[in-house]
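S.K.:
In the UniProt record's numbering, the protein residues as written are 1 to 1040.
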């Protein structure tokens, strides 16, 4: 606590301890006007772009001692302002302390001048902060812990008008109802901007923004109680827009503090009902006042208009790289790098800059030193290509005698039970290369292919990192999008204090792409452009979907293109074709440049992955991209860069992506906490299960998974926008093609304007009107044709699965292990899975189609909700036991999918009361209103358990239908009640009609299965009920 001022040693600053009044009164400064401001202090504020009128209303010069010239009464303004103790008879002389003081208005004292404020000592009369042992830059009143407040600067009338004009408001009537500007801001819910520092707030007020000053980045809330400070809670009204604008920083520790402060502060504001955005200063200017003075007010206006929502800002920070580089480059090709002999080497360099080539010299050195080399990737085709470039073998293709000096493998095989029989102890002192490390780690942490062995894969990776680093080995982690998340995770896997050797190549391509981004409902207009391109040459098409249920998938587009262009040579590259020995795309990655020139159209999914470079010139006339949001936008941009030649890019992306991770949040702590909470709910309902979540899960892996999941979620929530932003940041020229004329012109559109846009005589930079060079009728016909193709292909595939030969469980296990699978093998494998899943031997095409649409998940929850509650407990106990068995007593929390909590929640919400056939149900019914009220009260739990977002604006019936949808049923509107005046305009009437989809037959088979299993357990334990079994388990544990 700041308590005093005392003389410092010669040459040192005065220290914060006791205000010593040993100076004679004659040397004291005469008492001044309460708002007297010396010229140098005024100039300091004006240099920050603050309106002189604002300065005059809020800032004054203070001296440590002042004397009234008439009464000779002594006062001590600095001590009084800062609540310091005063010692009248000190023995040491010292210099006079001087500085400026700023304070604002107090919302809790009828908008009078606030006694709390901030003092800045002059540089030549510093005050020593004893805690930090350096001169204090700013000082606040010493009123005890948690006493800091904020500063609401008083403003002149013209500033009030300026703010009002910005938001289209008139202050004429406001002046009659509000005592001052800040009361008006509070009452009218005007957007506010929060800064750290009073001069910065004054600068923004001078530009017409309602800015509030905090004394520090953590000062908006009480860190002990995690509540907003009272003044901000006062302004944090429902629906208010709040912008947070803190300083530009480069220091890693400061950046982490800023992230933490904004995240916690922003979430508190969000919970109060505010819409929070973050304004990010681009640098190099540190404060927003420096930025405005150095640039222009319009530059800040652009930052203000493009501020991003809090949760998207949180996710974007997770892509940052704040580790200090050992070497910074700016070159198109990495060339030779002087890798260290041992430790962790990290390389961040753009796509196509020769990261793999740079490794060749490292491997040559390894051969001469007889060091083993291991390459770990996330995609087989990518790994094979890299290994071929480096002269290494690929795991599945090695003979018994090969692989002595190293090999490559997919991270899926990084465990003792894979074909590699991987043993980390065999890699002492080796070189381990994690190529595209961001995606390798994400694949290990989240992919479905790693599901059954995830814990062992992650533990093996940890052991590998520990052994390599502790025995003088080298780990190379490289990625075009390398971030702190991956580096921190690798550091966390080892107990050694590792400082990474980091190379950052800031080079960006000099040749920008011409990108046409289709802002349209579907990609059919893009296909009309493809027809034009194919008339002149070949096209490369990037897709993020393969399966026929995706309308614009590789399989459906292949069918469409073959119908439309029967003379064209078309190659489809996806996970099916590259593993089919009879297909032209089989194992294509290592010969892709030779193969693609033989085709007019190449359709490519993410199967060929990052790291695969198509370097042919003059063959492809354009690259097309159709992205439905299956993969993050960064992967889509990498796919567009697969063809290195700078030909035009034509791109369509969905507005929103599918498959959000966890609870869909963009804040990693929410993702992690939601996942942990869901498992805790279920385990607690299972009662005497011997499971300790904290001890039997890996917090480092969970945190890293959550951070990467939050990044994916942020991309998918506004997929098209994020893809566009990423392309612009890469330096490309992006033209948005849209049929929204008002979006292009930014104003209401007249008939003449529309005509001029359509004819092309009216053009706007950065936009193209869709109707200018695209045939809307042709596009609609394409959309209808592709929809029909999808239906036909889905039906054909369902029939093929239904008609495929049945296989035994042994044959199924054998096929699963095979990398190369024929179409018949894939269909038989899928048929076998459906037979096991639905407990039936009769796999019809209809069953396969319903399964494609998520029927199994709905059916399973409906079954457990309406049958013996012991069944769902039995399911969850088996599920948990399987996870623990696979992980040797450990689990990966992100993989645990238990159902007991969902079933119990649906029972608490009384949804079973809806399932009475023929009963009339209205939105005004007590049950519907009960569900709406309970869902709103428990909205966070509803989000965690069911992924349903609950808001106050949702209609009560919509919430009931959403919950019923989770079990695959719905209420059907059968009409309306008769209104009081006799007309049919009353409330809608709904009824429940049991689904006639064959689920009851499936339920009967499941019940037989579960009853038999439960009976077996009872016989083994000698118990007559599940509750008795809990006692039996507890007794067995006590006996052991």
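For glycine and all other residues, C-beta sits at the position ideal for the given N, C-alpha and C.
1) Report buried or exposed for residue 538, applying the criterion of at least 16 other Cβ atoms within 10 angstroms of its Cβ.
2) When you compare only the Cα positions, how much space is there between residue 13 and residue 66?
3) With a 10 Å radius around its C-beta and 16 neighbouring C-beta atoms as the bar for buried, classify residue 996 as buried or exposed.
4) What first and last residue would you give for the beta strand (DSSP E) that runs through residue 676?
5) Tell me whether residue 1012 sits in a helix, a strand or coil according to DSSP, three-state version.
6) Does DSSP put residue 160 in a helix, in a strand, or in coil?
7) Between 354, 116, 148, which lies nearest to residue 331 when the distance is taken from Cα to Cα?
8) If I measure Cβ to Cβ from residue 517 and keep anything under 6 Å in the same chain, skipping five residues before and after, which residues do I get?
9) Go ahead and pull the three-state DSSP assignment for residue 432.
10) Looking only at its own chain, which residues have a Cβ that is under 8 Å from the Cβ of residue 641, when we skip the five neighbours before and after it?
11) Looking at C-alpha atoms only, which residue of 550, 965, 844 is the closest neighbour of residue 788?
12) Please state the DSSP three-state secondary structure of residue 487.
13) What are the start and end residues of the beta strand (DSSP E) that includes residue 63?
14) Suppose the cutoff is 8 Å on Cβ atoms and the five residues either side in sequence are ignored; what does the same chain contact list for residue 495 look like?
15) With a floor of 4 residues, list each alpha helix (DSSP H) that falls wholly inside the UniProt domain "DUF3854" (181-295), ordered by position along the chain.
16) Sorted by chain position, which residues of the same chain lie with C-beta nearer than 6 Å to residue 632's C-beta, five sequence neighbours on each side aside?
17) Please state the DSSP three-state secondary structure of residue 406.
18) To which residues of the same chain is residue 653 closer than 6 Å at the C-beta, ignoring the five residues directly before and after it?
19) Would you tell me roughly how many angstroms separate the C-alpha atoms of residue 267 and residue 341, rounded to the nearest one?
20) Below 8 Å between beta carbons: does that hold for residue 208 and residue 239?
21) Grab me the residues of residue 625's own chain with a C-beta within less than 6 Å of its C-beta, minus the 5 sequence neighbours each way, in chain order.
22) Can you name, in chain order, every residue of its own chain whose Cβ lies under 7 Å from the Cβ of residue 726, other than the five neighbours on each side?
23) Assuming residue 503 and residue 347 form a contact by the criterion Cβ under 8 Å, report the distance between their Cβ atoms to the nearest whole angstrom.
24) Report, in whole angstroms, the separation of the C-beta atoms of residue 536 and residue 774, which I expect to be a contact under 8 Å.
25) Any idea which residues DSSP pairs residue 919 with across the strands?
26) Give me the Cα-Cα distance between residue 608 and residue 646, rounded to the nearest whole angstrom.
27) If you measure between the beta carbons of residue 363 and residue 390, is that distance less than 8 Å?
28) Which residues in the same chain have their Cβ closer than 6 Å to the Cβ of residue 852, if we skip the five residues on either side of it in sequence?
29) Measure the alpha-carbon distance for residue 521 versus residue 561 and round it to whole angstroms.
30) If I'm right that residue 451 touches residue 895 with Cβ under 8 Å, what's the distance once you round it to whole angstroms?
31) Leaving out five residues on either side along the sequence, give the residues of the same chain with a beta carbon under 8 Å from the beta carbon of residue 569.
32) Alpha carbon to alpha carbon, how far is residue 696 from residue 1021? Give it in angstroms, no decimals.
33) Is it true that the region 37-48 meets the region 192-202, where meeting means three or more beta-carbon pairs spaced less than 8 Å apart?
34) Hey, out of 411, 751, 431, whose CA is closest to residue 422's CA?
35) Tell whether a beta-carbon distance below 8 Å holds between residue 205 and residue 220.
36) How close, in whole Å, do the beta carbons of residue 501 and residue 335 come, if the pair is a contact with beta carbons under 8 Å?
M.R.: For this structure:
1) With 16 or more other CB atoms across the displayed protein chains lying within 10 angstroms of its CB, residue 538 is buried.
2) For residue 13, the pLDDT reaches just 39, beneath the cut-off of 50, and the residue's location in the model is therefore unreliable, although a value from the coordinates is still provided. Each residue's Cα considered, the two are about 21 Å apart.
3) exposed
4) No beta strand (DSSP E) contains residue 676, which is instead part of the alpha helix (DSSP H) from 668-685.
5) In the structure shown, residue 1012 sits in a helix (DSSP, three-state: H, G or I).
6) DSSP places residue 160 in helix when its eight states are reduced to three.
7) 354
8) 651, 724, 734, 736
9) strand
10) 351, 352
11) Scanning 550, 965, 844 for the CA closest to the CA of residue 788 turns up 550.
12) helix
13) 59-63
14) 466
15) 181-188, 198-206, 230-235, 252-271, 288-294
16) 712, 715
17) In this structure, residue 406 counts as strand in the three-state DSSP scheme.
18) 627, 719, 720, 723
19) 45 Å
20) no
21) 542, 640, 651
22) 633, 634, 637
23) 5 Å
24) So it is not a contact: roughly 17 Å between Cβ atoms.
25) For residue 919, which the question treats as bridged, DSSP gives no partner whatsoever.
26) Approximately 20 Å, taken between the alpha carbons.
27) yes
28) 549
29) 21 Å
30) 6 Å
31) 598, 599, 600, 601
32) 26 Å
33) yes
34) Across the set 411, 751, 431, the C-alpha of 411 shows the shortest separation from the C-alpha of residue 422.
35) no
36) Actually they do not touch by this definition, with Cβ atoms about 17 Å apart.
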